[in-house]
Amino acid sequence: MKAATRRADGTIELDDRVHELSLADNLVDYLLLRTSVNDVAQFAVHHLIDRLRVWHLAILRCTPEGHLTKLGSFGHSDSADAPSLAGHNFMTDPNFRRTLAKGLPHSSFPLPGWTSLDFHEMERWQHARGPELLWPLQIPARTVGVLQFNFLSVPDASEVIEDVSAISPVFSLLALHASPPDRDSASTFGSDADPGIDTLTHSLSDRQLDILKWMSMGMTNDQIAHQIKFSASTVRQETMVIYRFLHVGGRSEAAAEGKRLGLI
């Protein structure tokens with residue numbers, strides 16, 4: 001899922017699908033005027049509520065401390081008491097950590113190609129009014145938030161994928177816009193000059209996931225370097241990033257933890 005990228009001149013470039021929804025110009029106006037997150041999100045989600053029969057939609061931002069903070073909540077008038085992930089510490093929840101790391105939508109109902117939630121606390125969040133979907137919000141090399149949907153009934157998977165994937169870049173920008181100013185740096189956007197991942201608000205890159213896979217197959221750094229056509233020193237640097245992300249101290253531990261989290 002492509003989110004948003006920052007050009008050299010500092011301006012934001014949104015996914016082409018967002019432009020097709022005629023959202024980009026108005027969103028830029030909102031951001032320049034520093035209108036509330038609530039106003040921007042209302043503008044972005046109004047068609048999702050009716051089209052996908054959404055009873056409740058919450059936008060949550062990942063904080064550096066490892067919690068989720070609610071930025072806005074929308075839906076029908078009786079959805080104010082809907083269960084929320086706000087305040088949940090995802091750093092201590094390996095299942096939620098796996099969700100963020102893989103960057104995939106997770107649902108409490110079966111849909112082809114989607115991953116069902118297996119959080120031990122899911123019953124606390126589930127509501128009788130319908131199934132739930134969590135959709136990670138991402139920019140390059142970083143997960144910045146989560147969309148939490150509660151549906152009136154099980155939706156059509158193709159409609160959800162088409163509509164939510166098209167609009168998610170807008171929410172990614174909202175979550176990023178609501179982050180502290182010192183977090184809005186080059187490394188936030190996955191700069192090649194700073195490949196490190198210091199907190200679990202980040203995700204492993206595709207290259208790092210490939211290296212993790214080859215590590216689990218017993219390949220040496222030199223063999224991996226030959227495979228991806230990078231230097232062995234680059235592989236070692238990426239290996240250190242993987243170790244920090246998984247909180248492990250060696251290759252065998254990284255492979256075991258990667259398999260446990262479903263990253264391999």
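Numbering (UniProt numbering) for the sequence shown: 1 to 264.
Backbone N, C-alpha and C fix where the C-beta goes; we use that ideal spot for every residue, glycine too.
Here the structure is a predicted model, which is why all the values come from computation and not from measurement.
Bridge partners of Ser73 according to DSSP: Ala58. Per DSSP, His67 lies in no alpha helix (DSSP H) and is assigned neither H nor E. With a beta-carbon spacing of about 5 Å, Glu238 and Ile211 fall inside the 8 Å limit used to define contacts. With fewer than 16 other Cβ atoms inside 10 Å of its own Cβ, Glu159 counts as exposed.
Closest in C-alpha terms to Phe149, from the list Asp163, Trp55, Gly249, comes Trp55. Around the C-beta of Gly145, 16 or more other C-beta atoms lie within 10 Å, and the residue is accordingly described as buried.
If you draw a 10 Å sphere on the C-beta of Gln208, you find 16 or more other C-beta atoms in it, and that means buried. Shown here, Thr239 sits in a helix according to DSSP, grouped into three states.
Just so you know, the alpha carbons of Ile264 and Asp206 end up roughly 11 Å apart. Annotated as proximal: Arg53 and Pro155, with beta-carbon spacing under 8 Å.
Note on geometry: alpha-carbon atoms of Leu48 and Leu147 lie some 12 Å from one another. In terms of Cβ geometry, Ile59 and Leu71 form a close pair [threshold 8 Å]. Rounded to the nearest angstrom, the gap between the Cα atoms of Asn221 and Leu152 is 50 Å. Judged by DSSP in its simplified three-state form, Phe230 adopts coil rather than helix or strand.
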